[in-house]
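The block underneath contains the structure these notes are about, expressed in structure tokens.
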Amino acid sequence: MQAFRIASRVTAAGAVAGTAVLALSAPAFAHVTVQPEGAAAKGGYAVVDFKVPNERDKASTTKVEVSLPADHPIASVMAQPVPGWNVQVTKAKLAKPLTVHHEKIDEAVTKVTWTAADGQGIQPGYFQKFPLSLGALPDNTDQLVFKAVQTYSDKEVVRWIEVPQAGQDEPENPAPVLELSAATDDHHGTASAKDASDPTGNPAAATGSGSRTDTTARVLGVAGIVVGVAGVAYGVLAGRRRTA
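See below:
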């Protein structure tokens, strides 16, 4: 009887362990996300990728719509061409114009739409990245929320528009959220002309190190020539003495 109880306990433990393994091996729920290529600093420019997975087994994704945040309009939005997809950029008048580089902008991009040109789109088991160049990013918020709509070949529409809330579980269809990093001095995300001359990014090294290096090289070169001439002269004198 005791042996039977031990065997039962072992069997039950094995069943629990098996369930845990199955739970861990189950695929995570995928959704539309946005990630920057590098940094997305406040007040700067960035290239971001919208990653769209296909979650259906018998339908492909043929259309993707991304709405830009109306509460933080972005003056410059450019789409990178994606093979097999047509892109459409929609603009609208702003209720409050933006000032960018001392110029007033009265309209901004409100939505970007990608449509499969060949009808194939994103096949089951695959995902596609859709890059956008954005700027200037706002400096008065820590994140940007982009609402997305995904359309499948069987006419099913999935709306990724639910805004995640801090301290709460992730919603079923969360909207893509772009986290913004702290502002930097270089808002364009590229090295300045002074820093570009020095791969270490040290302005002091870029302005003074090059001239000091050239001077040292010239002094060493002159010293080498003097030593060489002295050696030749010494050899000539030594030869004459032997001859005498």
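Going by our numbering, 645 is the number at position 82 of the sequence shown; the sequence numbering is gapless. Note that the Cβ used here is the ideal one computed from N, Cα and C, for glycine as well.
Item                                                                                                                                                     : Value
With distance defined between alpha-carbon atoms, name the residue in T714, Y715 and G698 nearest to Q707.                                               : For clarity, residue 707 is Leu in the given sequence; the question names Gln instead. The shortest C-alpha separation from L707 is found at G698.
Does DSSP classify G752 as helix, strand or coil?                                                                                                        : Note that G752 has pLDDT 48, beneath the 50 cutoff, so the model's placement of it is unreliable and no number is given.
Assign S623 to one of three DSSP states: helix, strand, or coil.                                                                                         : coil
Taking the straight line between their C-alpha atoms, what separation do you get for E725 and D732?                                                      : 12 Å
Going along the chain, which residues of its own chain have a beta-carbon closer than 6 Å to the beta-carbon of Q598, five neighbours each way excluded? : D612
Rounded to whole angstroms, what is the Cα-Cα separation between T676 and W648?                                                                          : 10 Å
Can you grab the Cα-Cα spacing for the pair T704 / L631, in whole Å?                                                                                     : 15 Å
Would you mind reading off the limits of the beta strand (DSSP E) that contains P646?                                                                    : Here P646 belongs to no beta strand (DSSP E), and DSSP marks it neither H nor E.
Can I724 be considered in contact with the ligand FMN, in the sense that its beta carbon sits closer than 6 Å to one or more heavy atoms?                : Looking for the ligand FMN in the displayed structure turns up nothing, as the structure carries no ligands at all.
Is there contact here, the stretch 678-695 with the stretch 611-626, by at least three beta-carbon pairs under 8 Å?                                      : yes
Let me make sure I understand the geometry here. Which of T625, T624, A711 and P739 has the alpha-carbon closest to that of K674?                        : A711
Mind checking Q509: buried by the 16 CB within 10 Å criterion, or exposed?                                                                               : The question about residue 509 has no answer here: the residues shown for the chain are numbered 564 through 807.
Cβ of A638 within 7 Å of Cβ of S716?                                                                                                                     : no
At the level of alpha carbons, what is the spacing between G684 and A642?                                                                                : 18 Å
Comparing alpha-carbon positions, which option in L700, T624 and P644 lies nearest E742?                                                                 : L700
Helix, strand or coil, according to DSSP, for L657 in the structure here?                                                                                : strand
Return the first residue and the last residue of the beta strand (DSSP E) that Y608 is part of.                                                          : Y608 -> no beta strand (DSSP E), and no H or E assigned at all.
Out of L661, F709, N736 and P737, point me to the one whose CA is closest to G606's CA.                                                                  : L661
Under 7 Å, do T744 and A604 count as touching if we go by C-beta distance?                                                                               : The sequence shown places Ser at residue 744, rather than the Thr named in the question. Contact flag set, yes.
With 16 as the cutoff for other CB atoms within 10 Å, does E628 come out buried or exposed?                                                              : buried
Under a three-way DSSP split, which group does L695 fall into?                                                                                           : strand
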